[in-house]
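So the mapping is simple: the numbering used here equals the position in the sequence shown, first residue as 1, plus 20. Quick reminder that beta carbons are idealized off the backbone N, C-alpha and C, glycines included. All remarks here apply to the structure that follows.
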Amino acid sequence: MLRRAGCPLVGAVSTARGANVCNVLWLCQYPQPVAKVSEIRRLLSLYKPEKKPLTISISALGVSTFITMCVPFGMGKVIDVVTAGAAAPLPLPYVVTLLGGLFAAGSIANVIRVDTSNMIGERITNRLRQD
């Protein structure tokens, strides 16, 4: 089996001819370029006009994540209400409505996140094409 020094796929599954997958795909034949600090600064400068949409997108991501993390707690409350019967502290329709509201809010936050992220990506792509 042929192997290249420093190949990340050393020990990968061999092909029918005995060559390493890395050699077949030519992944390690050429050195990987390293990003320079000036290139990173240039890319980050493209985000400066997008501060407000980026803030909205990250906030929507936080809301969506928080709501997703609340789902197990909400389901636990539904199970508690169902198993407690008449002695439940909250009525079942109230708990189910709250859980449905959480799902709706999470969906809205997700739509906002996706739309603003797409808008940011399209604007940055447009700026890159104009340069």
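May I have the straight-line CA-CA distance separating residue i from residue j, to the nearest angstrom?
{"i": "Val-134", "j": "Ala-107", "result": "42 angstroms"}
{"i": "Asp-100", "j": "Val-115", "result": "10 angstroms"}
{"i": "Met-95", "j": "Val-131", "result": "23 angstroms"}
{"i": "Ile-140", "j": "Asp-151", "result": "17 angstroms"}
May I ask which residues mark the beginning and end of the alpha helix (DSSP H) holding residue i?
{"i": "Gly-141", "result": "112 to 150"}
{"i": "Gly-96", "result": "71 to 104"}
{"i": "Val-57", "result": "57 to 65"}
Which same chain residues, not among the five before or five after residue i, have their C-beta less than 8 angstroms away from its C-beta?
{"i": "Leu-66", "result": "Ile-144, Arg-147, Leu-148"}
{"i": "Leu-112", "result": "Val-98, Val-101, Val-102"}
How should residue i be labelled, buried or exposed, when 16 other C-beta atoms within 10 angstroms of its C-beta is the threshold for buried?
{"i": "Thr-75", "result": "exposed"}
{"i": "Ile-78", "result": "exposed"}
{"i": "Ile-87", "result": "buried"}
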